[in-house]
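Peer 1: Starting off with a structure, shown below.
Protein chains: 2
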Amino acid sequence: MTIRRRPTITDVAAEVGVAASTVSRAFTVPGRVNPRTRQQILEAAERLGYVPNPAARAMGSGRTDTIALLVPDITNPFFSGIIKGAERAVGAAGKTLVLGDTEESPAVEARLLERLGPAVDGFVLAAPRLPDADVRRAATLNRVVLLNRVVSDVACVVADYESATRQVVDHLASLGHRELVFLAGPAESWSGAQRWAGLETAARARRMVATRLGPYAPTLDGGPAAAEAAIALGSSAVVCHNDMLAIGVLRRLADRGVRVPDEVSVVGFDDIFGADFCHPPLTTLAERTQEAGAAAIEVLLHRPGSPTVIAPTELKIRASSGPAA
Amino acid sequence: MTIRRRPTITDVAAEVGVAASTVSRAFTVPGRVNPRTRQQILEAAERLGYVPNPAARAMGSGRTDTIALLVPDITNPFFSGIIKGAERAVGAAGKTLVLGDTEESPAVEARLLERLGPAVDGFVLAAPRLPDADVRRAATLNRVVLLNRVVSDVACVVADYESATRQVVDHLASLGHRELVFLAGPAESWSGAQRWAGLETAARARRMVATRLGPYAPTLDGGPAAAEAAIALGSSAVVCHNDMLAIGVLRRLADRGVRVPDEVSVVGFDDIFGADFCHPPLTTLAERTQEAGAAAIEVLLHRPGSPTVIAPTELKIRASSGPAA
DNA sequence: TTGAAAGCGCTAACAA
DNA sequence: TTGTTAGCGCTTTCAA
Chain E
1 MTIRRRPTIT
11 DVAAEVGVAA
21 STVSRAFTVP
31 GRVNPRTRQQ
41 ILEAAERLGY
51 VPNPAARAMG
61 SGRTDTIALL
71 VPDITNPFFS
81 GIIKGAERAV
91 GAAGKTLVLG
101 DTEESPAVEA
111 RLLERLGPAV
121 DGFVLAAPRL
131 PDADVRRAAT
141 LNRVVLLNRV
151 VSDVACVVAD
161 YESATRQVVD
171 HLASLGHREL
181 VFLAGPAESW
191 SGAQRWAGLE
201 TAARARRMVA
211 TRLGPYAPTL
221 DGGPAAAEAA
231 IALGSSAVVC
241 HNDMLAIGVL
251 RRLADRGVRV
261 PDEVSVVGFD
271 DIFGADFCHP
281 PLTTLAERTQ
291 EAGAAAIEVL
301 LHRPGSPTVI
311 APTELKIRAS
321 SGPAA
Chain G
326 MTIRRRPTIT
336 DVAAEVGVAA
346 STVSRAFTVP
356 GRVNPRTRQQ
366 ILEAAERLGY
376 VPNPAARAMG
386 SGRTDTIALL
396 VPDITNPFFS
406 GIIKGAERAV
416 GAAGKTLVLG
426 DTEESPAVEA
436 RLLERLGPAV
446 DGFVLAAPRL
456 PDADVRRAAT
466 LNRVVLLNRV
476 VSDVACVVAD
486 YESATRQVVD
496 HLASLGHREL
506 VFLAGPAESW
516 SGAQRWAGLE
526 TAARARRMVA
536 TRLGPYAPTL
546 DGGPAAAEAA
556 IALGSSAVVC
566 HNDMLAIGVL
576 RRLADRGVRV
586 PDEVSVVGFD
596 DIFGADFCHP
606 PLTTLAERTQ
616 EAGAAAIEVL
626 LHRPGSPTVI
636 APTELKIRAS
646 SGPAA
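Protein chains in written order, with the numbering used here: chain E, 1 to 325; chain G, 326 to 650.
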């Protein structure tokens with residue numbers, strides 16, 4: 001397969017016998033060109049296999065018609081829903097979505113923002129650990145919408161953590177638990193801080209004792225250490241930073257012969273792929289991730305200013321939580 | 326946050342008092358500019374916050390330094406390893422990877438190839454269902470490497486399906502199974518066809534009876550129909566098109582009270598996230614997906630021609646397979 | 001409704 | 001080692 005030169009707008013213009021600018025208009029402002037001329041142009045373009053070059057288009061107009069979605073770990077199923085929702089919304093707007101994986105690294109995050117910046121119209125950013133200052137700087141050069149994080153003067157879509165944590169605490173209280181332990185994720189995580197703050201407040205209102213342990217890696221591998229700490233503490237209810245950690249904890253508890261939920265109840269956050277078929281199926285706080293992804297795009301594309309959108313959440317009760325021993 | 330104009334190469338040139346082309350060289354061919362001049366340029370660029378514009382760069386040079394990886398469903402954990410491997414390899418080469426999700430649709434696939442085509446140096450393409458002709462056309466305009474699929478004259482990285490299917494059949498034979506049923510995925514799937522062909526051949530060599538049922542959706546939702554068909558057939562061993570389907574099958578079997586592996590053994594392909602913590606943990610054929618992803622990039626970047634790279638596989642034996650009843 | 005011409009930010013000969 | 005000069009493919013005034 002040899003690479004063939006792509007036909008350009010000029011080739012099409014020559015083919016039809018019009019000026020290049022007319023071809024350009026035929027594609028970008030169809031109303032401003034004679035329907036018959038336009039028809040001929042479209043046919044010639046089709047015949048030659050012409051496709052507009054986005055880079056060239058971007059240079060002339062400043063618009064790129066692409067949006068970048070940056071996530072810390074594309075492997076984490078939590079982001080699947082976000083991606084799907086964003087994709088659909090972007091597609092509906094006739095634009096293109098590119099995905100970037102920042103590998104949980106603020107450095108990669110910064111690099112992608114820098115490199116992709118000039119090439120996109122805006123960013124949807126799930127960056128729990130990037131410093132505020134960097135977020136603000138990015139927002140200076142591109143439109144930016146943050147996911148599950150609030151930075152003043154930057155648009156954002158956040159889950160309703162207050163309601164979320166209240167649902168978790170109410171559920172545990174209704175099962176007779178008098179205390180809970182929170183197995184925390186990374187210290188810099190904005191949403192992690194919200195979760196803990198909400199749990200603590202809700203627990204106090206219920207006269208429950210809430211303890212925080214950690215930080216632990218928010219991954220399956222974080223499970224063993226977290227589970228051991230929880231076992232040592234002897235709590236009857238364990239709330240995990242996210243489902244990845246929760247599933248890791250479940251495995252370790254199983255290995256250690258601790259019965260779930262008879263001896264200890266386990267609750268996660270996110271309702272990721274796998275949460276309903278791990279063993280036992282995990283009780284977890286689900287965000288409407290597809291809606292959140294779509295909302296972020298909607299804000300980016302159509303809502304100027306820096307609105308904050310609150311996304312609803314819902315507790316999925318499964319077999320990993322049960323009555324207190 | 327108001328959007329500020331990005332500084333250009335010209336701004337930097339003016340700041341230092343050199344020509345724009347010198348600034349360009351300072352970034353692209355560092356050897357061809359006086360170290361002191363270069364130092365000044367770099368400092369000025371830093372000071373002004375200058376970042377090269379990839380679109381403009383692409384126009385001048387024809388190179389974009391970005392690679393696109395297109396997958397049918399970014400949500401499918403099978404592709405996580407591919408993505409990770411590709412990312413690392415691309416990063417190591419100092420280039421940028423953009424991801425595209427084709428939503429299992431040949432139409433979206435074609436659209437992304439078209440739109441992204443002029444904006445990238447090449448594609449790594451996991452497109453099991455795109456017609457051969459479209460694949461070839463894409464390879465005419467860009468460098469293309471196919472994943473788990475062979476199209477003549479196009480570079481590709483494929484799992485060693487012959488060895489893979491032999492491992493599966495040998496495993497089942499060693500457990501005393503005399504027949505197996507294959508629950509097929511989409512009819513157009515290239516790898517699905519390979520899997521069935523390999524199973525059939527290996528089974529014949531072992532004097533086992535192999536039956537194919539389907540097609541079924543290669544997703545959790547495909548599970549119920551596939552499981553029912555397998556139950557009706559009364560086979561002692563079920564091999565599924567992929568793990569998503571296999572996990573769906575496991576769930577249905579559990580709902581129907583069929584014990585795994587006592588009454589029926591279940592085997593999948595892919596070893597996705599979740600395969601080791603579903604219930605029971607799934608015996609499955611693992612590809613070295615990270616290596617495959619990295620190999621695809623390596624071929625794209627450094628190996629001209631249309632080589633075919635064979636990626637090794639390995640059977641992960643877990644609790645879903647056991648002795649024949 | 002169309003064409004001519006300038007310019008987007010950068011690279012790449014070509015001279016100097 | 002550096003500057004000058006054309007473009008790259010497209011959009012966008014401005015005129016006609």
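We treat Cβ as the ideally placed atom computed from N, Cα and C, and that holds for glycine. Because the structure is a prediction, the values reported are computed rather than measured.
Chain E beta carbons: is any one of them nearer than 8 Å to that of residue 598/G?
Peer 2: Numbered from its first residue, the second sequence carries residue 598/G at position 273. Residue 598/G counts as touching chain E.
Peer 1: At 9 Å on the CB atoms, spell out the chain E contacts of residue 603/G, in chain order.
Peer 2: As a working mapping, residue 603/G is identified with position 278 in the second sequence. The answer, in chain order, is 274, 277, 278 and 279.
Peer 1: Near residue 513/G, which residues of its chain fall below 8 Å by C-beta distance, leaving aside the five closest residues on each side in sequence?
Peer 2: To locate residue 513/G, count along the second sequence from 1; it is residue 188. Same-chain partners within the cutoff: 453 and 454.
Peer 1: Would you mind giving the Cβ-Cβ distance between residue 467/G and residue 448/G, rounded to the nearest angstrom? I have them listed as a contact below 8 Å.
Peer 2: Locating residue 467/G in the second sequence gives position 142, counting from the first residue. Locating residue 448/G in the second sequence gives position 123, counting from the first residue. Yes, they are in contact, since the Cβ atoms of residue 467/G and residue 448/G sit about 6 Å apart, within 8 Å.
Peer 1: Please list, in chain order, the chain G residues whose beta carbon lies closer than 9 Å to that of residue 7/E.
Peer 2: If you number the first sequence from 1, residue 7/E lands on position 7. Those within 9 Å of residue 7/E in chain G number zero; the least Cβ separation is about 10 Å.
Peer 1: If you drop the 5 nearest sequence neighbours on each side, which residues of the same chain put their C-beta closer than 7 Å to that of residue 299/E?
Peer 2: Mapped onto the first sequence, residue 299/E falls at position 299. Closer than 7 Å at Cβ, skipping near neighbours: 145, 155, 157, 307 and 309.
Peer 1: State the CB to CB distance for the pair residue 492/G and residue 610/G, rounded to an integer number of angstroms; the pair is presumed to be in contact (CB under 8 Å).
Peer 2: As a working note, residue 492/G is residue 167 in the second sequence. As a working note, residue 610/G is residue 285 in the second sequence. The Cβ separation is near 7 Å, so the contact holds.
Peer 1: Over what stretch of residues does the beta strand (DSSP E) that includes residue 480/G continue unbroken?
Peer 2: Residue 480/G sits at position 155 when you count from the first residue of the second sequence. Note, residue 480/G: beta strand (DSSP E), 480–484.
Peer 1: In or out: residue 364/E buried (at least 16 other Cβ within 10 Å) or exposed?
Peer 2: The shown model of chain E, from 1 to 325, leaves out residue 364/E, and the question about it has no answer.
Peer 1: I want to know whether the segment 496–513 of chain G touches the segment 637–650 of chain G - three or more CB-CB distances under 8 Å.
Peer 2: Touching, yes.
Peer 1: For residue 34/E, does the count of other Cβ atoms within 10 angstroms reach 16, so buried, or fall short, so exposed?
Peer 2: In the first sequence, the residue the question calls residue 34/E occupies position 34. Exposed, since its Cβ has fewer than 16 Cβ neighbours within 10 Å.
Peer 1: Return the chain-ordered ranges of every alpha helix (DSSP H) run that is complete within the segment 417–500 of chain G and spans a minimum of 4 residues.
Peer 2: Segments of the alpha helix (DSSP H) lying fully in the segment 417–500 of chain G: 431–441, 457–466 and 486–499.
Peer 1: What's the C-alpha gap between residue 605/G and residue 586/G?
Peer 2: Here residue 605/G refers to the residue found at position 280 of the second sequence. Here residue 586/G refers to the residue found at position 261 of the second sequence. Those two C-alpha atoms are separated by around 8 Å.
Peer 1: Run through chain G and tell me which residues come within less than 8 Å of residue 115/E, C-beta to C-beta.
Peer 2: Taking the first residue of the first sequence as 1, we reach residue 115/E at position 115. Here the neighbours are 376, 379 and 421.
Peer 1: Could you check whether residue 576/G and residue 548/G sit closer than 8 Å to each other, using their CB atoms as the reference points?
Peer 2: In the second sequence, the residue the question calls residue 548/G occupies position 223. In the second sequence, the residue the question calls residue 576/G occupies position 251. Closer than 8 Å, so yes.
Peer 1: If you draw a straight line from the alpha carbon of residue 242/E to that of residue 553/G, how long is it in whole angstroms?
Peer 2: On the first sequence, residue 242/E is found 242 positions in, with the first residue counted as 1. On the second sequence, residue 553/G is found 228 positions in, with the first residue counted as 1. Straight-line Cα distance between these residues: approximately 35 Å.
Peer 1: Give the residues of chain G in contact with residue 82/E, contact being defined as C-beta atoms less than 7 Å apart.
Peer 2: Mapped onto the first sequence, residue 82/E falls at position 82. Those do not exist, as residue 82/E stays about 10 Å from chain G at its closest Cβ, beyond 7 Å.
Peer 1: Look at the alpha carbon of residue 61/E and the alpha carbon of residue 24/E, and state the distance between them as a whole number of angstroms.
Peer 2: By 1-based counting over the first sequence, the position of residue 61/E is 61. By 1-based counting over the first sequence, the position of residue 24/E is 24. Going by the C-alpha atoms only, they are around 12 Å apart.
Peer 1: DSSP three-state label for residue 67/E, please.
Peer 2: Locating residue 67/E in the first sequence gives position 67, counting from the first residue. Looking at residue 67/E - three-state DSSP - the assignment turns out to be strand.
Peer 1: Are residue 329/G and residue 140/E closer than 8 Å when you measure CB to CB?
Peer 2: As a first step, residue 329/G must be located in the second sequence, where it is residue number 4. As a first step, residue 140/E must be located in the first sequence, where it is residue number 140. The answer is yes: Cβ separation under 8 Å.
Peer 1: Please go through the same chain and pick out, in chain order, the residues whose beta-carbon is closer than 6 Å to the beta-carbon of residue 501/G, but skip the five residues on each side of it.
Peer 2: By one-based count along the second sequence, residue 501/G stands at place 176. The answer, listed in chain order, is 648 and 649.
Peer 1: Where does residue 570/G sit, in a helix, a strand or coil, going by DSSP?
Peer 2: On the second sequence, position 245 is the one that residue 570/G refers to. Residue 570/G: helix per DSSP, three-state reduction.
Peer 1: Since I believe residue 183/E is in contact with residue 230/E (beta carbons under 8 Å), could you give me their beta-carbon distance rounded to a whole number of angstroms?
Peer 2: By 1-based counting over the first sequence, the position of residue 230/E is 230. By 1-based counting over the first sequence, the position of residue 183/E is 183. Sure, about 6 Å apart at Cβ, within 8 Å.
Peer 1: In terms of residue numbering, what span does the alpha helix (DSSP H) encompassing residue 8/E cover?
Peer 2: Residue numbering aside, residue 8/E sits at position 8 when the first sequence is read from its first letter. Premise fails: residue 8/E is in no alpha helix (DSSP H) and is neither H nor E.
Peer 1: Which complete beta strand (DSSP E) runs does the segment 505–552 of chain G hold, if anything under 3 residues is left out?
Peer 2: Segments of the beta strand (DSSP E) lying fully in the segment 505–552 of chain G: 534–538.
Peer 1: Starting from residue 624/G, trace the alpha helix (DSSP H) in both directions and tell me its first and last residue.
Peer 2: Numbered from 1 along the second sequence, position 299 holds the residue referred to as residue 624/G. Where residue 624/G is concerned, the enclosing alpha helix (DSSP H) stretches over 614–627.
Peer 1: Look at the alpha carbon of residue 640/G and the alpha carbon of residue 110/E, and state the distance between them as a whole number of angstroms.
Peer 2: Residue numbering aside, residue 640/G sits at position 315 when the second sequence is read from its first letter. Residue numbering aside, residue 110/E sits at position 110 when the first sequence is read from its first letter. So the alpha carbons of these two residues sit roughly 40 Å apart.
Peer 1: Just reading off the beta strand (DSSP E) that residue 265/E is part of, what are its end residues?
Peer 2: As a first step, residue 265/E must be located in the first sequence, where it is residue number 265. Looking at the DSSP string, the run of the beta strand (DSSP E) that includes residue 265/E is 265–270.
Peer 1: Between the alpha carbons of residue 120/E and residue 417/G, how many angstroms are there, rounded?
Peer 2: As a working mapping, residue 120/E is identified with position 120 in the first sequence. As a working mapping, residue 417/G is identified with position 92 in the second sequence. If I take the Cα positions, the gap works out to 23 Å.
Peer 1: Alpha helix (DSSP H) containing residue 367/G: first to last residue?
Peer 2: Looking up residue 367/G in the second sequence gives position 42. Taken as a continuous stretch (DSSP letters only), the alpha helix (DSSP H) holding residue 367/G covers 360–373.
Peer 1: So, using beta-carbon positions, are residue 293/E and residue 100/E closer together than 8 Å?
Peer 2: In the first sequence, residue 293/E corresponds to position 293, counting from 1. In the first sequence, residue 100/E corresponds to position 100, counting from 1. No.
Peer 1: Inspect the beta-carbon positions of residue 460/G and residue 476/G and report whether they are closer than 8 Å.
Peer 2: Position 135 of the second sequence, counted from the first residue, corresponds to residue 460/G. Position 151 of the second sequence, counted from the first residue, corresponds to residue 476/G. The answer is yes: Cβ separation under 8 Å.
Peer 1: What separation, rounded to the nearest whole angstrom, lies between the Cα atoms of residue 219/E and residue 636/G?
Peer 2: Here the question's residue 219/E lines up with position 219 in the first sequence. Here the question's residue 636/G lines up with position 311 in the second sequence. Rounded to the nearest angstrom, the two C-alpha atoms are 28 Å apart.
Peer 1: Give the interface partners of residue 251/E over in chain G, defined as CB-CB distance under 7 Å, in chain order.
Peer 2: Here residue 251/E is taken as the residue at index 251 of the first sequence, counted from 1. 602, listed in chain order.
Peer 1: Counting only the same chain and skipping the five closest in sequence on each side, list residues whose C-beta sits under 8 Å from that of residue 437/G.
Peer 2: Within the second sequence, numbered from 1, the residue matching residue 437/G stands at position 112. Hits under 8 Å: 393, 395, 425 and 427.
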